[in-house]
Structures are given as structure tokens and as C-alpha cells.
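Below you'll find the structure, written out as C-alpha cells, and then a few comments.
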Amino acid sequence: METRPAKMVLKLYGSAMSFARVLVTILEKDLAYEHILIDIAKGEQKSEAYKQLQPFGKVPALEDDGFLIFESRAICKYLARQVLSRSFCVWILG
Ligand SMILES: N[C@@H](CCC(=O)N[C@@H](CS)C(=O)NCC(=O)O)C(=O)O
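When you read off a place in the sequence shown, starting at 1, and then add 9, the result is the number in my numbering.
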């Protein structure tokens, strides 16, 4: 049985002026992440490819191992709960 939690592989979509709140949470939790630039000045958030991830064409959005979430406050809450539950697994399972 795997006793260690899976490493979080986060993909953060957006640009600097759009994801400050989420980035602060990621840095505060010391999580590994990959930034995928979605340049709103170029309208990239309205591309069909991006709207497969975020149907309203807004940034930021986050992908965690195939799980997609948007709305910055919801993303922060999701990250806080993920880190808490994964820390709990390490504590319980060693
Ligand atoms: N309530 C959303 C707001 C999302 C939002 O409006 N993002 C802006 C950038 S800060 C955006 O995508 N603007 C481009 C557009 O509306 O086309 C959140 O907190 O994530």
C-alpha cells in the first residue's frame, strides 16, 4: 500500500495580474506548480482551447492531476484542504 501522498502537480493558468491570490496560497503552502501563461491582453482566455478548461473564458484556473477548478477563492480553499488532507495522511500513515 502506498503510504506517501502523491506529489501535487499543479498547473496554474493565467497571468500575473490575474492569479496573485492563488499564487500567494501556492507559495505559502510551498507547493510545486507549473505556470501556463494565458495572456488576457491578447484575449487568450477566450480561445476555444482554454475554454475547454474554463468555459467562461476567465483566469485564473487550476489543474491538479486532471482535476480542474476555477474562481480564485475556490482554488485557494481547494488547495488549503488538499494540503491539510495530504498532511493528515502523512501523519496517520507515516
Ligand atoms: N471571480 C473570479 C474573477 C475572474 C476574472 O474576472 N478574471 C479576470 C482577470 S482578473 C479575467 O479573466 N478577465 C478577462 C475577461 O473577462 O475576458 C476569480 O476570482 O477568479
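Backbone N, C-alpha and C fix where the C-beta goes; we use that ideal spot for every residue, glycine too.
- Counting along the chain, the unbroken beta strand (DSSP E) around E72 starts and ends at 70 to 73.
- A residue is called buried once 16 or more other Cβ atoms fall within 10 Å of its Cβ, and S81 is buried on that count.
- Taking 8 Å as the upper bound for CB-CB distance, L88 and K38 are in contact here, some 6 Å apart.
- Between I84 and V31 a beta carbon distance of about 5 Å is seen, short of the 8 Å cut, so the two are scored as contacting.
- According to the DSSP assignment, K60 belongs to the alpha helix (DSSP H) that extends over 57 to 60.
- Counting the other CB atoms within 10 Å of its CB gives L93 a total below 16, which places it among the exposed residues.
- Contact annotation, P69 with Y22: C-beta distance approximately 6 Å; criterion of less than 8 Å satisfied.
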